[in-house]
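K.L.:
Sharing a structure, written as structure tokens. Questions coming.
2 protein chains.
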Amino acid sequence: MPSKTKAPTAAKSASADFAALVGRMRQGDRRATSRIVTELERLSPDLPALMQALGPHLGHAEVVGFTGPPGAGKSTLVNAYTSHLRRAGKSVGIIAVDPSSPISGGAILGDRIRMPATLDDDGVFMRSLASRGHLGGLCPAAVRVIDGLDAAGKDAILLETVGTGQSEIDVAEVADVRVVVMAPGLGDDIQAMKAGLLEIADIMVVNKADREGAERTLNQLTGAASLRAGTRAKAAVLKTTATTGDGIAALADAISAVVAGRLEGDRRQRRRRRARYLIARAAADLISERIRAGQDGGLDALADKVLTGRLLPAEAARTLLDK
Amino acid sequence: MPSKTKAPTAAKSASADFAALVGRMRQGDRRATSRIVTELERLSPDLPALMQALGPHLGHAEVVGFTGPPGAGKSTLVNAYTSHLRRAGKSVGIIAVDPSSPISGGAILGDRIRMPATLDDDGVFMRSLASRGHLGGLCPAAVRVIDGLDAAGKDAILLETVGTGQSEIDVAEVADVRVVVMAPGLGDDIQAMKAGLLEIADIMVVNKADREGAERTLNQLTGAASLRAGTRAKAAVLKTTATTGDGIAALADAISAVVAGRLEGDRRQRRRRRARYLIARAAADLISERIRAGQDGGLDALADKVLTGRLLPAEAARTLLDK
């Protein structure tokens, strides 16, 4: 039975391969990093062996999430902040989460176009994550790639979403520091995004601050920040002009301040919190699918009670789950 | 025991009140409509009695959802489409879902500012729904208000989100026809929104079509529409300039075509599908909360398996739910 004897050998050789590959990655071999990130992204069947090889090197990087509406200039800001970190001697990983690609068949904004300043810089590694091919979901893939770049020794991992909705929430949940990027002149209903984004922001940035209306946007965000409910610290509100670099140093200081105040705890707990989030999200999707598929016979009766005002949806959900 | 004898009397009188109120609403009494909508929005304790009074009048309206990124001109488009419907003799209800208001303390864009053309038109009723005060959630409140405006006899109910993320998904799930609104010049990463929005769109609109880049945006959306996966019909792609009314008649035709192809089924099923969605969403929130609160002792072990690559988050979720 060759398959029975072959399996452990294959697993062993995968382990040995990965150990060597991780070693090369940690010495700065770009191709090794690229291959490891690809393995992580594509859900290699040897994932456990790979994670084992990465394990001892995890927990160094700080993960900074950038989110905000289209047109706010997130990519340019991420580039400018990357250059700033590089000048300070820090290495950087960039993960651009791009939920658009089931259509386009790949990240719309090529890494080449995205990163002109740092393309040939070995201290920067960038990967765009697209939806296609991520069997286990885009967010779990991003979390695995974070581990890869962390183990590669990157000092900072910048997680940027170019989409909206769920991917925005994901970035917020997965990052250690959350930067929300706005810009003046995006139309009046941009204000409507404040509330949701405010809840997740550690730092709010008015980018394109050289444009008309920047002061007004700044005042709005400052007002909103002062009203934040709960016990969380108020978000810092800053102006940047990413194209000229204005304000980037202050942004870096603000990020450092959040990091200094937060990352003293157990690094393992941060990874666990991420895993917990991924499980919770998957469970929510699963339960929602099951309910909507109507696999539960009692659902129509509950739906009718909701329709006639005798139950709230949340009460019906609790009834269903506690059965 | 006065409370025991009083309760049924109170309920009875609420029923009688609501029957009279619904009667006045159906005769076009704006204040009656406003009061009923407020009762629905605020989760009146007499909700069952109110729903009973509304029940016989439900199922007439078609619900058209408008969603899209900030700056696309959704509000202006909704206004222009409303004027078009009015000229065709149809009555219109507008529900603007505005998740911003926990901060602002009310809808940011007042109804007066929003609806200059139709402010004094009795054939139009508009209500902005804000997060604050909706104990059972914003989406359930919107679904109740849909019932109210449906029972008022509105021919079309236009559901517009001025936020993003979950409220966008909600609009798509709750509407009978889904219109995604885009505009040229919103920056390159606007493209990244295509995929998610594409999946939900029946009709895609390039608004502000008099602006530079409109043809390019149209081509991109047309290309994206032709690639849509699955068995759903391709989305129609149209150009409009809401400020001048250009393209609005064609949009109205496209909406009618979708309605004609879809609403022949059981009207009751549409309401039930909405209720099912509300329950599924509430259940997903609930399960996610429970898991993240760590009420389940087995979670840390599962999280560790995810962290070491031995389980995917979805597999861990299934294990957790099936326990």
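Taken in sequence, the protein lines are chains L and S. Its first residue numbered 1, the first sequence is counted upward by one per residue in my numbering. Its first residue numbered 1001, the second sequence is counted upward by one per residue in my numbering. By construction, the Cβ of each residue, glycine as well, lies at the ideal position given by its N, Cα and C atoms. Remember, predicted model here, so these are calculated numbers, not experimental data.
Does the beta carbon of V63 (chain L) sit closer than 8 Å to a beta carbon anywhere in chain S?
P.N.:
For this step, residue 63 (chain L) is matched to residue 63 along the first sequence. Cβ-Cβ to chain S under 8 Å: no for V63 (chain L).
K.L.:
Give me the Cα-Cα distance between A156 (chain L) and L1307 (chain S), rounded to the nearest whole angstrom.
P.N.:
Reading the first sequence from its first residue, position 156 is the one you call residue 156 (chain L). Reading the second sequence from its first residue, position 307 is the one you call residue 1307 (chain S). So the two alpha carbons sit approximately 20 Å from each other.
K.L.:
Let me confirm a value: S1226 (chain S) is counted as buried when at least 16 other C-beta atoms fall within 10 Å, else exposed. Which label applies?
P.N.:
Within the second sequence, residue 1226 (chain S) is the residue found at index 226, counting from 1. Exposed is the call here.
K.L.:
Shortest alpha-carbon distance to E1212 (chain S) belongs to which of S:M1204, S:E1062, S:P1184?
P.N.:
Along the second sequence, read from residue 1 onward, the residue named residue 1212 (chain S) stands at position 212. Of S:M1204, S:E1062, S:P1184, the residue nearest in Cα terms is S:P1184.
K.L.:
So for E1212 (chain S), helix, strand or coil by DSSP?
P.N.:
As a first step, residue 1212 (chain S) must be located in the second sequence, where it is residue number 212. Reduced to three states, the DSSP call for E1212 (chain S) is coil.
K.L.:
Give me the residue from S:E1160, S:A1303, S:V1206 with the minimum Cα distance to M1182 (chain S).
P.N.:
Reading the second sequence from its first residue, position 182 is the one you call residue 1182 (chain S). The residue with the shortest Cα to Cα distance from M1182 (chain S) is S:V1206.
K.L.:
Inspect the CB distances between the region 1053-1061 of chain S and the region 314-321 of chain L and report whether three or more fall short of 8 Å.
P.N.:
Touching, no, given that fewer than three Cβ pairs across the two stretches are closer than 8 Å.
K.L.:
Chain L beta carbons: is any one of them nearer than 8 Å to that of L1138 (chain S)?
P.N.:
As a working mapping, residue 1138 (chain S) is identified with position 138 in the second sequence. Output row for L1138 (chain S): interface = no.
K.L.:
Using three-state DSSP, classify R1114 (chain S) as helix, strand or coil.
P.N.:
Residue mapping note: residue 1114 (chain S) aligns to position 114 of the second sequence, counting from 1. Reliability fails at R1114 (chain S), whose pLDDT of 49 lies under 50, so the model's placement of it is uncertain and no value is given.
K.L.:
Just to make sure I have the definition right: I need the residues of chain S whose C-beta is within less than 8 Å of the C-beta of T308 (chain L). Which are they?
P.N.:
Position 308 of the first sequence, counted from the first residue, corresponds to residue 308 (chain L). Correct list: P1048, M1051, Q1052, G1055.
K.L.:
Are any of the Cβ atoms in chain S nearer than 8 Å to that of A88 (chain L)?
P.N.:
Against the first sequence, residue 88 (chain L) aligns to sequence position 88. Not closer than 8 Å to any Cβ of chain S, the Cβ of A88 (chain L) fails to qualify, so no.
K.L.:
Nearest CA to the CA of S1128 (chain S): which residue from S:D1122, S:L1138, S:D1121?
P.N.:
In the second sequence, residue 1128 (chain S) corresponds to position 128, counting from 1. Ranking the options by Cα distance to S1128 (chain S), first place goes to S:L1138.
K.L.:
Would a check of beta-carbon distances place S13 (chain L) closer than 8 Å to chain S?
P.N.:
Position 13 of the first sequence, counted from the start, is the residue given in the question as residue 13 (chain L). No, S13 (chain L) lies away from the interface with chain S (no Cβ there is under 8 Å from its Cβ).
K.L.:
So is N1219 (chain S) buried or exposed if we call it buried at 16+ other beta carbons inside 10 Å?
P.N.:
Walking along the second sequence from the start, residue 1219 (chain S) turns up at place 219. Exposed, since its Cβ has fewer than 16 Cβ neighbours within 10 Å.
K.L.:
Using the beta-carbon of each residue, which ones in chain S are nearer than 7 Å to S288 (chain L)?
P.N.:
For the purposes of this step, residue 288 (chain L) is identified with residue 288 of the first sequence, where counting begins at 1. By Cβ distance, chain S contributes A1280, R1281, A1283, A1284.
K.L.:
For S91 (chain L), is the classification buried or exposed, using 16 other Cβ atoms within 10 angstroms of its Cβ as the cut-off for buried?
P.N.:
Looking up residue 91 (chain L) in the first sequence gives position 91. So S91 (chain L) counts as buried.
K.L.:
Could you have a look at L109 (chain L) and say whether DSSP puts it in helix, strand or coil?
P.N.:
The residue you call residue 109 (chain L) lines up with position 109 of the first sequence. Its pLDDT being 40, under 50, L109 (chain L) is placed unreliably by the model, and the measurement read from it follows with that caveat. Coil, per DSSP.
K.L.:
My output table needs one value for V178 (chain L): the three-state DSSP class, helix, strand or coil.
P.N.:
One-based indexing of the first sequence puts residue 178 (chain L) at position 178. Inspection of the sequence shows that residue 178 (chain L) is occupied by Arg rather than by Val. Strand, per DSSP.
K.L.:
Which stretch, first to last residue, makes up the beta strand (DSSP E) that contains A1236 (chain S)?
P.N.:
The residue labelled residue 1236 (chain S) in the question sits at position 236 within the second sequence. Per DSSP, A1236 (chain S) belongs to the beta strand (DSSP E) from 1236-1239.
K.L.:
List the whole-angstrom C-beta distance separating V1258 (chain S) from I1200 (chain S), where the pair is believed to meet the contact cut-off of C-beta under 8 Å.
P.N.:
The residue given as residue 1258 (chain S) occupies position 258 in the second sequence. The residue given as residue 1200 (chain S) occupies position 200 in the second sequence. Contact doesn't hold; Cβ gap of about 13 Å is too wide.
K.L.:
Any Cβ of chain S within less than 8 Å of the Cβ of A316 (chain L)?
P.N.:
As a first step, residue 316 (chain L) is located in the first sequence; it is residue number 316 there, counting from the start. Yes, A316 (chain L) lies at the interface with chain S (some Cβ there is under 8 Å from its Cβ).
K.L.:
Is there a Cβ from chain S that is less than 8 Å from the Cβ of A303 (chain L)?
P.N.:
In the first sequence, residue 303 (chain L) corresponds to position 303, counting from 1. Yes, A303 (chain L) lies at the interface with chain S (some Cβ there is under 8 Å from its Cβ).
K.L.:
Below 6 Å CB to CB, which residues in the same chain sit around T1222 (chain S) once its five sequence neighbours on both sides are set aside?
P.N.:
Walking along the second sequence from the start, residue 1222 (chain S) turns up at place 222. Contacts found: V1237.
K.L.:
Within 8 Å (strictly less), CB to CB, does Y277 (chain L) reach chain S?
P.N.:
Stepping through the first sequence from its first residue, residue 277 (chain L) is reached at position 277. Yes, because at least one Cβ of chain S sits closer than 8 Å to the Cβ of Y277 (chain L).
K.L.:
Given that R1292 (chain S) touches chain L, what residues does it touch there, using C-beta distances under 8 Å?
P.N.:
What you label residue 1292 (chain S) is simply residue 292 of the second sequence in a count that begins at 1. Those within 8 Å of R1292 (chain S) in chain L are R276, Y277, A280.
K.L.:
Out of curiosity, what's the CA-to-CA distance linking A252 (chain L) and K1074 (chain S)?
P.N.:
Your numbering for residue 252 (chain L) matches position 252 in the first sequence. Your numbering for residue 1074 (chain S) matches position 74 in the second sequence. So the two alpha carbons sit approximately 36 Å from each other.
K.L.:
So is L77 (chain L) in contact with chain S if we call contact Cβ pairs under 8 Å?
P.N.:
As a position in the first sequence, residue 77 (chain L) is number 77, starting the count at 1. Not an interface residue.
K.L.:
Could you say which of S:D1210, S:L1021, S:R1262, S:A1224 lies nearest to K1239 (chain S) if we only look at CA atoms?
P.N.:
Stepping through the second sequence from its first residue, residue 1239 (chain S) is reached at position 239. Nearest of S:D1210, S:L1021, S:R1262, S:A1224 to K1239 (chain S), Cα basis: S:D1210.
K.L.:
In the DSSP assignment, what residue or residues form a beta bridge with M126 (chain L)?
P.N.:
Looking up residue 126 (chain L) in the first sequence gives position 126. DSSP lists L:I94 as partners of M126 (chain L).
K.L.:
Run the CB neighbour count on P69 (chain L), radius 10 Å, all protein chains shown included, and call it buried at 16 or more, exposed below.
P.N.:
Position 69 of the first sequence holds residue 69 (chain L). By the 10 Å Cβ count, P69 (chain L) comes out buried.
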